[in-house]
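Trainee: Chains as they are written, first to last, in this note's numbering: chain A, 1 to 300; chain B, 1001 to 1403. The C-beta atom is built at its ideal place from N, Cα and C for all residues, glycine as well.
#1: Say whether the region 1197-1204 of chain B touches the region 1161-1180 of chain B, bearing in mind that this needs 3 or more beta-carbon pairs closer than 8 Å, one atom from each stretch.
#2: How is the beta strand (DSSP E) around residue 118(A) delimited, first residue to last?
#3: Closer than 9 Å, Cβ to any Cβ of chain A: which residues of the region 1281-1296 of chain B, in chain order?
#4: Under the DSSP definition of a beta bridge, which residues are partnered with residue 177(A)?
#5: Taking Cβ-Cβ distances shorter than 9 Å, what residues in chain A pair up with residue 1374(B)?
#6: Taking contact to mean 3 or more Cβ pairs, one atom from each stretch, closer than 8 Å, check whether the region 124-131 of chain A and the region 1114-1123 of chain B are in contact.
#7: Output yes if chain A places a C-beta closer than 8 Å to the C-beta of residue 1137(B); else output no.
#8: Rounded to whole angstroms, what is the Cα-Cα separation between residue 1252(B) and residue 296(A)?
#9: Determine whether the Cβ of residue 1094(B) lies closer than 8 Å to any Cβ atom of chain A.
#10: Can you find the residues in the same chain that come closer than 8 Å, C-beta to C-beta, to residue 27(A), ignoring five residues on each side of it along the sequence?
#11: Going by beta carbon distance, what residues of the same chain come within less than 7 Å of residue 200(A), once the five residues before and after it are set aside?
#12: Taking 8 Å as the CB-CB limit, is residue 1279(B) close to chain A?
#13: Might you give, ordered along the chain, the residues of its own chain that have their beta carbon closer than 6 Å to the beta carbon of residue 140(A), omitting 5 neighbours on each side?
#14: Return the Cβ separation of residue 1178(B) and residue 1139(B) in integer angstroms, given the expectation that the two are a contact with Cβ distance under 8 Å.
#15: What is the rounded straight-line gap between the Cα of residue 1329(B) and the Cα of residue 1368(B)?
#16: Based on Cα-Cα distance, which residue from 1077(B), 1302(B) and 1312(B) lies nearest to residue 1279(B)?
#17: Please confirm whether residue 99(A) and residue 87(A) have their CB atoms less than 8 Å apart.
#18: List, in chain order, every chain A residue whose beta-carbon is nearer than 9 Å to that of residue 1113(B).
#19: At least one CB of chain B closer than 8 Å to the CB of residue 269(A): is that the case?
#20: Could you tell me whether the region 151-159 of chain A touches the region 104-114 of chain A, where touching means 3 or more Cβ pairs closer than 8 Å?
#21: Under 8 Å between the Cβ atoms of residue 210(A) and residue 289(A)?
#22: Would residue 250(A) count as contacting chain B if we go by Cβ distances under 8 Å?
#23: Measuring CA to CA, which of 121(A), 142(A), 245(A) and 72(A) is closest to residue 133(A)?
#24: Could you work out which residues of chain A lie near residue 1100(B), taking near to mean beta carbons separated by less than 7 Å?
#25: Less than 8 Å between the C-beta atoms of residue 1209(B) and residue 1151(B), yes or no?
#26: Which parts of the region 1129-1157 of chain B are runs of the beta strand (DSSP E), unbroken and 3 residues or longer, counting only runs that do not cross its ends?
#27: The beta strand (DSSP E) spanning residue 168(A) covers which residue range?
#28: Starting from residue 136(A), find everything on chain B with Cβ-Cβ shorter than 8 Å and list it in chain order.
#29: How long is the line joining the alpha carbons of residue 243(A) and residue 1347(B), rounded to whole angstroms?
#30: Sort out for me which residues DSSP pairs residue 35(A) with in a bridge.
#31: As a quick exercise: from 1191(B), 1306(B) and 1291(B), pick the residue whose alpha carbon is nearest that of residue 1316(B).
#32: For residue 1124(B) and residue 1167(B), what's the separation of their Cα atoms in angstroms?
#33: Closest to residue 1324(B) by C-alpha separation, out of 1148(B), 1089(B) and 1390(B), would be which residue?
#34: According to DSSP, is residue 219(A) part of a helix, a strand, or is it coil?
#35: Only counting runs of 4 or more residues, tell me where the alpha helix (DSSP H) segments fall wholly within the region 1226-1272 of chain B, in order along the chain.
#36: Once DSSP output is grouped into helix, strand and coil, what is the label at residue 1389(B)?
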C-alpha cells in the first residue's frame, strides 16, 4: 500500500506541470550522450586539430536534435573549413554558445530562442572531426570558458551544466513597442496626423513644426527591471529636423537627424529601467523644420 | 500465578522490542556516522593530503522515520532507472546495435530523467525537512551520474528554500566526505544559494584556497562566483578571496577558473584586483589564462580605473607573442575604451595582418552601433569573423593557440 501510494505520488507529480526552476546563469546540456573529449589541454586528435580543446565533445549520432543551452538569439550559422557548420547563439554582453560540425539548422539566424528549444542538428561537417559528435563551446568576448565534464560521463539534455555562467539564461528578450496610436502615446499642443510617408510605423504618424516651446510628444509604458535599448522609428524626409531632440526617461537629450535613417529602428541609448518610463520628443529645435513622432520601443 | 504470567509477557515484549530495534538499526546503519561521536569530525587538513575516512558527520537520525527515507529511496530508484534506460538505449544506438531513436523517443527519454529530478526538487521545496533525507541519499551515492542529478535537485531546492535549506550539512559533505564526486556535488549545491551564512562562506573559501585537489578548488571557486551573480554586495570581498586563491596555487586550471570568475563578476575592479589582473596578463604561463585576464580587465572597467586598465592592456598587447591572445586583448581595449576607441586602435602596432583587419572591423562597427551596448559590438565582430572564418582561437583550425 505504501509502495502504491509512492507510485501514485510520483505519477501525479510527473503529470502535473512542475514549475520552472531555471536559474539565471544556469545553462543546460544541449543533447544526451557521453563526453568523448573534455574541455582543456589534449593531444591533437586529428590533422589540424589543436592541442587545447576549447569546448566539450559529446558523442551523438548525426542528425541528433540539439537544444538551446539558454535564452538567447541565434546569431550566426556559417561554414568553417575546420569546424564545419557552426551554429552560434548570442546572449548579449559578449556571451555566446557554439555548436560545431552541425548538419543543419532548425531555427534560423535572428530568431530569439528559449532554453531547450530545438535549434539545430548535430553532424560531422568540417575537416577537424573524426566522427559524428557535438562540439559544444561557451565563450565570452571570444574567449572560451571551461565546461565541466570528464570523459565517459553521460550528460542528459535539459539537465543543468554544473557551472555558473552569469549572463546566460537571462529572461528571454522582451520588446515593448509604443506606436503613436497606442494608449501610452500623448501630445501637448497641436500635432498633426499624416499617413503619406511610405516608411512610417503602423498606420500613421504625428508631426509638428519646430518652435521654441515645450510641447512634446510622449511615449509612456511600464517595464520590469532590466537594461533596455531605447529605440525610435521615424519616417525620414528632407524637411525633417536634423537635430530632433528625444528626451530619455532620465532626462538626457538625444538629438537625431530625422532626414535620414527612416523606416527602421534607431538606437537612442541603453538604460537601466524599471516601472513607469516615458520617452519624449520635443519640438524645441531650429525653426523651419518638422519633428516626426511615430514609434518608440524598449528592447531588453 | 497471575503476576508470574504478567512477568513472562512483559519479558517477551521486551525481547521482541530489542530484536526489532536491532534489525532497524542494522538496516539504517549507513545513515549513521561510522564510529566516533556525532559532530566530532573536524575539517580535514587538506594540506596533509589525507582522505577523510568517515562519511558526513551529524546527519539526522532517521531511524524512526521510515516513510521519508523510503520516499528518498523511491526518488533515487526512479532517477537511476530512467538514467540507466537512457544510457542503454543510446549506447546501443552508438554501437550500431539498435536503430536511432525517433525524435519522440529521445524527447520522452530526456523528459523522464528531467522529471525525476524535478519531482525530487519539488518534494524538498514542499517539505524542507525532507532535504535531510535527500542529502543522506546523496551521501550514500557512488554513481557519478546520479550524484550529478541529485546535486541539481538539491541545488534548485536550496535556491528556493534559502535559510530553510540545511546548507551546514552540505558544507560538511564538501569538507569531509571520502568521495571527491560527492564533495564537488556538495559545492555545486551550495553554489545555488542566494544568501550565504558566514560559516558556509568561510568554509567554501577555505576549500577554494586550501583543498588538496584542483577539482575541489574549482568547484569552490564556482560557488563563490555564483554567489556574486545572485548577490553583487558580495563582489568585493569574494574578489579579494579569489585573488588570494590565485596566489595559493600553481595549477593553471585553477588559476584559469579564478580569472574566468573574476571576469564574469561584471563589477568594477578594485585597485587590488587591477593589480592582480595586471600581473596575470603579463605572467600567466598559459595563453588562455592571459586572455581571461584581459577579459577580466575589460569587464571590470569603470571611469575610475579606465585609464589604468587601458594602459595595462596596451602594454600587454605590445608584449604578447600569442596571436589569439593579442586579438583578445585588442577586443578588451575596444571594450574598455570604446567611447574613444579609435584613438587607441589607430596608435597600437599591428604586426600581423589579422590584427590590422580586427582594427578595421572595430572602427567600422563602432561607427554603426550604440557604443553603450557592448553586446551589439561583439555580436557584430563575432559575426564578421564567423563569416570570414577568422574567429579567434577557433576549434583546431587556426592553431595559434598552440604557441
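Mentor: Looking at the coordinates:
#1: With three or more CB-CB distances shorter than 8 Å, the region 1197-1204 of chain B counts as touching the region 1161-1180 of chain B.
#2: Unbroken beta strand (DSSP E) run through residue 118(A): 118-121.
#3: Answer in chain order: 1286, 1287, 1288, 1291, 1292, 1294 and 1295.
#4: Residue 177(A) is bridged to 297(A).
#5: Those within 9 Å of residue 1374(B) in chain A are 92, 93, 94 and 141.
#6: The region 124-131 of chain A is not in contact with the region 1114-1123 of chain B.
#7: Chain A, which has no Cβ nearer than 8 Å to the Cβ of residue 1137(B), makes this no.
#8: About 49 Å.
#9: Yes, its Cβ sits closer than 8 Å to a Cβ of chain A.
#10: Closer than 8 Å at Cβ, skipping near neighbours: 69, 70, 97, 115, 138, 160, 161, 165, 168 and 169.
#11: Contacts found: 235 and 294.
#12: No, no contact with chain A.
#13: So the qualifying residues of the chain are 94 and 95.
#14: Rounded to the nearest angstrom, the Cβ distance from residue 1178(B) to residue 1139(B) is 10 Å, too far for a contact under 8 Å.
#15: Rounded to whole angstroms, residue 1329(B) and residue 1368(B) show a C-alpha spacing of 22 Å.
#16: Nearest C-alpha to residue 1279(B): 1312(B).
#17: Taking 8 Å as the Cβ cut-off, residue 99(A) and residue 87(A) qualify as a contacting pair.
#18: The contacting residues are 32, 156, 157, 158 and 159.
#19: For residue 269(A), the closest Cβ of chain B is nearer than 8 Å.
#20: Contact between the region 151-159 of chain A and the region 104-114 of chain A is absent, because fewer than three Cβ pairs lie under 8 Å.
#21: Annotated as proximal: residue 210(A) and residue 289(A), with beta-carbon spacing under 8 Å.
#22: Taking Cβ atoms only, chain B never reaches closer than 8 Å to residue 250(A), which makes this a no.
#23: Closest by alpha carbon: 121(A).
#24: Those within 7 Å of residue 1100(B) in chain A are 61.
#25: No, they are not a contact pair.
#26: DSSP runs (the beta strand (DSSP E)) wholly in the region 1129-1157 of chain B: none.
#27: In the DSSP annotation of this structure, residue 168(A) is not part of any beta strand (DSSP E), being labelled neither H nor E.
#28: For the C-beta of residue 136(A), not a single chain B residue is nearer than 8 Å; the gap to the nearest is close to 11 Å.
#29: Each residue's alpha carbon lies about 33 Å from the other.
#30: According to DSSP, residue 35(A) bridges with 58(A).
#31: Distances from the CA of residue 1316(B) to each of 1191(B), 1306(B) and 1291(B) were compared; the closest alpha carbon is that of 1291(B).
#32: Rounded to whole angstroms, residue 1124(B) to residue 1167(B) spans 13 Å at the Cα level.
#33: Residue 1390(B) is the option with its Cα nearest to residue 1324(B).
#34: For residue 219(A), the three-state secondary structure derived from DSSP is strand.
#35: Taking only runs of at least 4 residues, the alpha helix (DSSP H) segments lying wholly in the region 1226-1272 of chain B are 1235-1247 and 1252-1264.
#36: The answer is coil: DSSP assigns residue 1389(B) none of H, G, I, E or B.
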